[in-house]
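Chains as they are written, first to last, in my numbering: chain A, 250 to 452; chain B, 2 to 198.
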């Protein structure tokens, strides 16, 4: 890696140095295309974030794609019912790597006010690897922008090689997640142990 | 139509909105009358709801004179009667033409059996179709005559009717930071309070 001070000096002279990793991540981080996908009222805030007042286009994330095949980011915006959860997982499986998930709002991260209900999933992190979770009911568009900036920061720091390289560069790690089936009262299985374990309470 | 049995149910709430209770055998004819009568013209069914009334024990106190220890005394006696439970479908009807309403129409099933029969009013008000499906889905009232009666909110293959009072959801309790009421009971069951050393 080149020394930061030397790099700045070179930049002042008009010489730009970079690494392939940095260039690759710079490109990826500034063109995160979300999936046009809303489940409840949080989706209204998501729409507001993409409109002129909040202008998600400043972060390169305004191109909402109507097909999972073209999207990089799934914003789970709203309450995930047990009936909807398998479809959410299937949509995620249909997205090409690299792909990311933002869980937006209290319902998507934990079930929110409907947590003890009979038909609400207690958070999409039971089935999908969530990269950024935004609390709020609903979160403000600024919060969604902050989440996208957090995700961009995460993408910028991903290593292309080494044991902790991202999933899409590691053939050994599967990019698809099992789709839960409808049971008699609940989904089967009720969570995916590979991505989620119940919290351990320490006393 | 003299054979129709209609009961006007009182309502104690401040609005005092009374409702018509019609027996299942005649509810379709009564509803048709409400829709077509030139003075009523209730052409708009705004809402269909389900109500679950579980078995209810009604205690009535009566004062009875009894001989206790050779002395005649007035003793209160409690009579307990069991009102068997039933399910109810409630329709709120308005007239768009005559700008009047609402008229509340109720029909009750005979008991709380799974899929207890009642009569669908979708043939009269097409707008009731999805709401009647919801009533069937969540309360299990089988509305005879409905064109497409199947679950709408829950998935096919779901067992039970989740809005009934006796529905027991699967116990999938997890940590809750501020539990209260039933959730507190669940929390105690899952995380028994340990004795602090």
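Positions of the beta carbon are idealized from the N, C-alpha and C atoms, including for glycine.
- Residue 51/B counts as buried, since no fewer than 16 other beta carbons sit within 10 angstroms of its beta carbon.
- Here the C-alpha atom of residue 259/A lies approximately 59 Å from the C-alpha atom of residue 180/B.
- Fully enclosed alpha helix (DSSP H) runs of no fewer than 4 residues occupy 130-140 of the region 92-167 of chain B, in order along the chain.
- For the pair residue 322/A and residue 275/A, the CB atoms are not nearer than the 8 Å cut-off.
- Of the other Cβ atoms in all chains shown, fewer than 16 fall within 10 Å of the Cβ of residue 446/A; this residue is therefore exposed.
- With contacts defined by Cβ atoms closer than 8 Å, residue 358/A and residue 382/A form a contacting pair.
- In this model, residue 59/B and residue 93/B are separated by some 29 Å (Cα to Cα).
- If you check the CB distance, residue 346/A and residue 424/A come in under 8 Å.
- What residue 184/B touches in chain A, judged by beta-carbon distance under 8 Å, is 365, going in chain order.
- Residue 330/A sits in a strand when the DSSP states are folded into three classes.
- From the beta-carbon of residue 447/A, the residues of chain B found nearer than 7 Å are 175.
- Per DSSP, residue 179/B lies in no beta strand (DSSP E) segment and is marked neither H nor E.
- In the DSSP secondary-structure assignment, residue 431/A is bridged to 436/A.
- Inter-segment contact for the region 287-295 of chain A and the region 320-336 of chain A is present: three or more beta-carbon pairs are separated by less than 8 Å.
- Along the region 317-338 of chain A, going in chain order, the ones with a CB nearer than 7 Å to a CB of chain B are 332.
- Residue 394/A sits in a helix when the DSSP states are folded into three classes.
- Sequence-ordered contacts of the region 137-166 of chain B with chain A read 154, 155, 156, 157, 158, 159, 160, 161, 163 and 164 [C-beta pairs closer than 9 Å].
- Straight through space, the alpha carbons of residue 83/B and residue 77/B are spaced by roughly 19 Å.
- Taking 8 Å as the cut-off, the beta carbon of residue 351/A is found closer than this to the beta carbon of residue 380/A.
- Residue 273/A and residue 287/A have their C-alpha atoms roughly 29 Å apart.
- Secondary structure in the region 265-289 of chain A: the alpha helix (DSSP H) runs of 4 residues or longer, each lying completely within the stretch, are 269-278 in chain order.
- Of the other Cβ atoms in all chains shown, fewer than 16 fall within 10 Å of the Cβ of residue 127/B; this residue is therefore exposed.
- Following the DSSP letters along the chain, one finds residue 73/B inside the beta strand (DSSP E) bounded by residues 72-84.
- The criterion of a C-beta distance shorter than 8 Å is satisfied by residue 390/A and residue 298/A.
- Chain-ordered, the chain A residues with CB closer than 7 Å to the CB of residue 192/B read 450.
- With contacts defined by Cβ atoms closer than 8 Å, residue 317/A and residue 173/B do not form a contacting pair.
- Looking only at 4/B, 164/B and 29/B, the smallest Cα-Cα distance to residue 55/B is reached by 164/B.
- Non-local beta-carbon contacts of residue 191/B in its own chain, meaning distances under 7 Å to residues more than five positions away in sequence, involve 174 in chain order.
- By the neighbour-count criterion, in which a residue is buried when 16 or more other Cβ atoms sit within 10 angstroms of its Cβ, residue 268/A is exposed.
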